[in-house]
Amino acid sequence: MSGPASVAVLGSGVVALSAAIAFRRALPAARITLVERPADPRSLLDRIGAATLAIDAFHRAIGLDQQLFIRRTGAVAIHRVTLNGELLGAPGAIPHVEGVALHQLWLRHLAERPETAPGWAALTAPGAEPFGVRFDMPAYIALLAEMAAVLGIVRGEADAADLLLDCTVPGAGWLDAPLPSIVAESVAPGATEGETLSIADGAVEWQAPPWGWRLVRGAGLPPGRHPMPRSGRSIALGEAALVAESFDGHALSAVHADILRAIEFMPHADPSAREAAEYNRRTAIAHQRLLDWSSERWGVSATEDLAALRAGFAARGRIPYRDGDPVTPGQWVGWWFANGVRPARIDPTARALPTDQLIRIMERNR
Numbered sequence: 074m075s076g077p078a079s080v081a082v083l084g085s086g087v088v089a090l091s092a093a094i095a096f097r098r099a100l101p102a103a104r105i106t107l108v109e110r111p112a113d114p115r116s117l118l119d120r121i122g123a124a125t126l127a128i129d130a131f132h133r134a135i136g137l138d139q140q141l142f143i144r145r146t147g148a149v150a151i152h153r154v155t156l157n158g159e160l161l162g163a164p165g166a167i168p169h170v171e172g173v174a175l176h177q178l179w180l181r182h183l184a185e186r187p188e189t190a191p192g193w194a195a196l197t198a199p200g201a202e203p204f205g206v207r208f209d210m211p212a213y214i215a216l217l218a219e220m221a222a223v224l225g226i227v228r229g230e231a232d233a234a235d236l237l238l239d240c241t242v243p244g245a246g247w248l249d250a251p252l253p254s255i256v257a258e259s260v261a262p263g264a265t266e267g268e269t270l271s272i273a274d275g276a277v278e279w280q281a282p283p284w285g286w287r288l289v290r291g292a293g294l295p296p297g298r299h300p301m302p303r304s305g306r307s308i309a310l311g312e313a314a315l316v317a318e319s320f321d322g323h324a325l326s327a328v329h330a331d332i333l334r335a336i337e338f339m340p341h342a343d344p345s346a347r348e349a350a351e352y353n354r355r356t357a358i359a360h361q362r363l364l365d366w367s368s369e370r371w372g373v374s375a376t377e378d379l380a381a382l383r384a385g386f387a388a389r390g391r392i393p394y395r396d397g398d399p400v401t402p403g404q405w406v407g408w409w410f411a412n413g414v415r416p417a418r419i420d421p422t423a424r425a426l427p428t429d430q431l432i433r434i435m436e437r438n439r
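Numbering (my numbering) for the sequence shown: 74 to 439.
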C-alpha cells in the first residue's frame with residue numbers, strides 16, 4: 074500500500090522542520106506542507122543546542138552532511154563532563170576488564186585496600202567516545218529551514234492532508250509527570266574545556282563553552298508524555314508528545330527517534346488499530362525512560378520501575394538492560410557514582426579476579 078499523498082506539519086522550529094525534511098525524504102512523491110505556528114517561548118528544544126550522538130544517525134537519514142552541520146552551527150563533540158566537580162564516567166558501554174565491570178572492581182579494591190584505591194574520577198578519564206554534541210540552536214534551525222526550502226517543502230495551511238504531524242505544545246491530553254516545570258536562562262560560560270554541570274538549590278547550571286544555561290523551576294511547559302501520540306491520521310511529535318529537560322541532549326534525540334519511528338510505522342496514512350497501538354507502546358516506553366532520567370536528576374518521586382533500578386544499583390551496583398532506554402547503563406552508573414552513591418555489597422563477579430591482578434588493574438588505571 075502506498076504512503077500518504079499529502080502531509081501537513083503543524084508548528085515551527087527544530088521539531089517541525091526536522092519532521093518535514095524526514096518525511097520529504099521518506100515520501101518523495103508526497104506534498105509536504107509546513108503549517109507554521111508561533112513558537113512557544115517556554116520551549117527548551119528551540120533554545121538549547123544539545124543532542125546525543127544519535128543525531129548522527131538522524132542526519133544520515135535526512136541526508137544532512139555532518140561537516141556542513143559542524144560548520145554552520147559550530148557543533149562541538151563533548152568528551153568530558155564534570156558534575157559538581159566529579160568527572161562522570163563514559164556514556165557508552167560500561168568498561169569491562171577480564172569480563173568484569175570496572176566499577177565493580179573498583180568497589181572491591183576500595184573495600185579491601187581503601188588507602189591505595191585510586192579515586193573514581195581517575196578511572197573515568199576521557200575516552201574516545203563523546204558524551205554528545207553541543208551546537209548553536211538558532212543556526213541549526215536556520216540550516217534546516219534552508220534545507221526544507223531546497224527540498225520543495227511548501228508553507229501553507231493543512232487543508233485536507235492525509236497525515237498531520239502535530240509539532241506544537243502540549244494539549245489537554247497530557248499525563249503529567251511528577252517533575253517541575255523548567256525555564257532556561259542564558260549565562261556566561263566558563264573557560265574550561267568539556268562540559269560542567271552544577272546542581273544545587275533546585276537549579277542546574279550547565280556550561281558547554283561557548284554556551285551556558287541555568288535551568289530553574291518556573292513557569293515552563295508541563296513535563297510529561299502524551300498517552301496516545303498516534304491517533305488516527307495524527308501523530309504528535311516533539312513537545313506535543315513529550316516534555317522533558319534537554320540540557321544533556323536526550324530530549325532532542327528523543328524527537329529524532331520519534332520521527333524515524335513514525336516513518337517506520339507509516340505504511341499508509343490511516344493505520345490499523347494494531348499499528349497505532351504498537352507505535353504508541355514503543356513510544357511510551359522510550360518517553361517514560363527519559364522521564365525517569367529527569368526524575369532522578371531533579372530528585373522527585375520515582376516510578377516503580379525507576380525505584381527498582383535505583384534499589385538494584387544501591388544494593389550491588391548493577392544496571393540491567395531496559396528495553397527502549399535512551400540512557401545507557403554507563404550514564405546511569407556515572408550519574409550515581411558522581412553523586413556519591415556507593416552500593417552496599419560488591420557484586421560476586423568482582424571476586425573472580427585474583428588479588429594481585431586486581432592491584433595491577435587499579436595501578437594501571439590510576
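Idealized CB from N, CA, C, for every residue including glycine.
Quiz item: Can a CB atom of chain B be found closer than 8 Å to the CB of PRO114?
Solution: Looking for chain B here will not work: only one protein chain is present.
Self-check item: Every unbroken alpha helix (DSSP H) inside the segment 130-188 [4 residues or more]
Solution: Scanning the segment 130-188 from its first residue to its last, the whole alpha helix (DSSP H) runs of 4-plus residues come out as 139-146 and 175-185.
Quiz item: The alpha helix (DSSP H) with ILE121 in it runs from where to where?
Solution: Translated into positions along the sequence shown, residue 121 becomes position 48. Note, ILE121: premise wrong, no alpha helix (DSSP H); not H, not E.
Quiz item: So is ARG433 buried or exposed if we call it buried at 16+ other beta carbons inside 10 Å?
Solution: By one-based count along the sequence shown, residue 433 stands at place 360. Exposed: under 16 other Cβ atoms inside 10 Å.
Quiz item: Can you list, in chain order, the residues of its chain whose CB lies under 6 Å from that of ALA99, leaving out five sequence neighbours each side?
Solution: In the sequence shown, counting from the first residue as 1, residue 99 sits at position 26. Cβ within range, chain order: ILE336.
Quiz item: Which of helix, strand or coil does DSSP assign to ILE332?
Solution: Numbered from its first residue, the sequence shown carries residue 332 at position 259. Helix.
Practice problem: Verify whether the separation of the beta carbon atoms of LEU288 and ILE255 is less than 8 Å. | Solution: What you label residue 288 is simply residue 215 of the sequence shown in a count that begins at 1. What you label residue 255 is simply residue 182 of the sequence shown in a count that begins at 1. Less than 8 Å separates the beta-carbon of LEU288 from that of ILE255.
Self-check item: Range covered by the beta strand (DSSP E) that runs through ALA102
Solution: Here residue 102 refers to the residue found at position 29 when the sequence shown is read from its first residue. From DSSP, ALA102 is part of no beta strand (DSSP E); its letter is neither H nor E.
Practice problem: Within its chain, find whatever has a CB closer than 6 Å to the CB of GLU268; leave out the 5 residues flanking it on each side and keep chain order. | Solution: Translated into the one-based positions of the sequence shown, residue 268 becomes position 195. Cβ contact annotation for GLU268 (same chain, cutoff 6 Å, sequence separation greater than five): ILE151, VAL154 and ALA281, in chain order.
Quiz item: If ALA130 and GLY322 are in contact, beta carbons under 8 Å, what's the gap, nearest whole angstrom?
Solution: As a working mapping, residue 130 is identified with position 57 in the sequence shown. As a working mapping, residue 322 is identified with position 249 in the sequence shown. Going by Cβ atoms, the distance from ALA130 to GLY322 rounds to 14 Å, so no, they are not a contact pair.
Quiz item: For ALA233, which option in ASN412, THR241, ASP138 and ALA78 has the closest C-alpha, if you only look at C-alpha atoms?
Solution: Mapped onto the sequence shown, residue 233 falls at position 160. For the set ASN412, THR241, ASP138 and ALA78, the Cα lying nearest the Cα of ALA233 is the one of ALA78.
Self-check item: Assigned exposure category for PRO427 - 16 Cβ within 10 Å defines buried
Solution: Taking the first residue of the sequence shown as 1, we reach residue 427 at position 354. Exposed, because fewer than 16 other Cβ atoms sit within 10 Å of the Cβ of PRO427.
Practice problem: For the beta strand (DSSP E) holding VAL289, just list the boundary residues, first then last. | Solution: Start at 1 with the first residue of the sequence shown, and residue 289 comes out as number 216. For VAL289, the enclosing beta strand (DSSP E) stretches over residues 284-290.
Quiz item: DSSP on THR422, reduced to helix/strand/coil?
Solution: Residue mapping note: residue 422 aligns to position 349 of the sequence shown, counting from 1. Helix at THR422.
Quiz item: How do the segment 82-94 and the segment 111-119 stand: do at least 3 beta-carbon pairs fall below 8 Å, yes or no?
Solution: With a cut-off of 8 Å on Cβ pairs, the segment 82-94 is in contact with the segment 111-119, counting three or more such pairs.
Practice problem: Starting from the C-beta of SER319, find all residues in its chain whose C-beta is less than 7 Å away, skip the five residues before and the five after it, and write them out in chain order. | Solution: Here residue 319 refers to the residue found at position 246 when the sequence shown is read from its first residue. Contacts found: LEU117, LEU118, ILE121, ALA123 and LEU325.
Practice problem: Inspect the CB distances between the segment 404-416 and the segment 379-390 and report whether three or more fall short of 8 Å. | Solution: They touch, by the three-pair rule.
Self-check item: Beta-carbon contacts of GLY291 that lie in its chain and below 6 Å, excluding the five residues immediately before and after
Solution: One-based indexing of the sequence shown puts residue 291 at position 218. Scanning its chain for C-beta atoms nearer than 6 Å, with the 5 sequence neighbours on each side dropped, one finds around GLY291 the residues VAL256, in chain order.
Quiz prompt | Counterpart residues of ARG298 in DSSP-defined beta bridges | solution = One-based indexing of the sequence shown puts residue 298 at position 225. Answer is LEU248 and LEU315, bridged to ARG298.
Quiz item: THR269 lies in the beta strand (DSSP E); which residues open and close that run?
Solution: For the purposes of this step, residue 269 is taken as residue 196 along the sequence shown, with counting starting at 1. From DSSP, the beta strand (DSSP E) with THR269 extends over 268-273.
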